[in-house]
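Encoded as structure tokens, the structure appears first; notes follow it.
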Amino acid sequence: IYNWEDYTEKSYSVASLFLAIDDGFYFSNSNKSFKFENSLVLVMDGFNIIHGSNQLIKLKDADPQQIYYLILSIIYGRKSTGLISKTSIVGSKVKIGKNVKIDDFCVIEDEVEIGDNVIIGSHTKIHSKTIIKTSTVIESSCILGTQGVAWIWDERQTKKIIHPQLRGVDIKENCFIGAGRIIVRGS
1 IYNWEDYTEK SYSVASLFLA IDDGFYFSNS NKSFKFENSL VLVMDGFNII
51 HGSNQLIKLK DADPQQIYYL ILSIIYGRKS TGLISKTSIV GSKVKIGKNV
101 KIDDFCVIED EVEIGDNVII GSHTKIHSKT IIKTSTVIES SCILGTQGVA
151 WIWDERQTKK IIHPQLRGVD IKENCFIGAG RIIVRGS
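Everything in the sequence shown is counted per my numbering, starting at 1 for the first residue and increasing by one.
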């Protein structure tokens, strides 16, 4: 159990149970013994294994992994700078919210709405009729709102008849879109 009275200034390194190091900061959801020492570990209340020189923070009614991730995202998570790169092309009819970050070499067509606190990674293309709601992160090299592939063969089975996708893309609040993703119209 972590005893705040015994607390002295100590630095811990963010660590993984899969590559354990001494003096690390961890979470554990199991009663398996640790392969590290002098570390700080978030555990569930009721955790009952011998923990050696490790300090435990027992969490009541909380998931240690979730709390660990929240702590790390507060400390290390990406935050918008509110800067739009001069190397990006943004249409004159784009609606941009507050504190939006657009990295280098992006192209954003007209008829796009971008909510507050959005981060758009470099080399991303956003086509018209796309709505991106608040606090969304779009990693590098994404394409949003491009034409998808919907078609059938003609009666002779020799020519494709393309079905144009007319709707746009609607990205909801607090979304994360990983690098290189393509989201077609109508999504």
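The beta carbon of each residue, even a glycine, is placed where N, CA and C say it ideally should be. All values reported here derive from a predicted model rather than from experimental measurement.
Here Ile183 has Leu144, Val169 as same chain residues with Cβ atoms under 6 Å from its own Cβ, once five neighbours each way along the sequence are excluded.
In this structure, the beta-carbon distance from Val90 to Ile108 falls below 8 Å. Counting C-beta pairs closer than 8 Å gives fewer than three between the region 100-118 and the region 53-60, which falls short of the contact rule. Residue environment analysis places His163 among the exposed positions, since fewer than 16 neighbouring C-beta atoms fall within 10 angstroms of its C-beta. Taking the CA atoms as reference points, Lys160 sits about 30 Å from Ile171. The alpha carbon of Asn117 has as its nearest neighbour, out of Arg156, Phe176, Ser30, the alpha carbon of Phe176.
Using a Cβ distance threshold of 8 Å, Glu113 and Lys95 count as a contacting pair. Taken atom to atom, the span from the alpha-carbon of Thr81 to that of Trp153 is near 49 Å. Distance check between Ile21 and each of Asn29, Leu40, Ser30, Lys32 places Leu40 closest, using alpha-carbon atoms only. Val14 is positioned such that its CB atom lies no closer than 8 Å to that of Ser28. The DSSP-derived three-state label of Leu42 is strand. In its chain, beyond the 5 residues on either side, Ser135, Thr136 have a beta carbon closer than 7 Å to the beta carbon of Asn174.
For Leu56, the uninterrupted beta strand (DSSP E) segment begins and ends at 55-59.
For a cut-off of 8 Å, the C-beta gap from His123 to Ser141 is around 5 Å, short enough to register as a contact. Taken in chain order, the whole beta strand (DSSP E) runs of length 3 or more contained in the region 101-152 are 112-114, 130-132, 143-146. Counting only residues of its own chain and dropping the five nearest sequence neighbours on each side, Asn99 has a CB closer than 7 Å to the CB of Ser80, Gly82, Asp116, Asn117. Excluding its 5 nearest sequence neighbours in each direction, Asn48 has C-beta neighbours in its own chain below 8 Å: Asn31, listed in chain order.
With distances taken between CA atoms, Leu166 lies nearest to Thr146 out of Thr146, Gln65, Gly121. According to DSSP, residue pairing for Val94 in a beta bridge does not occur.
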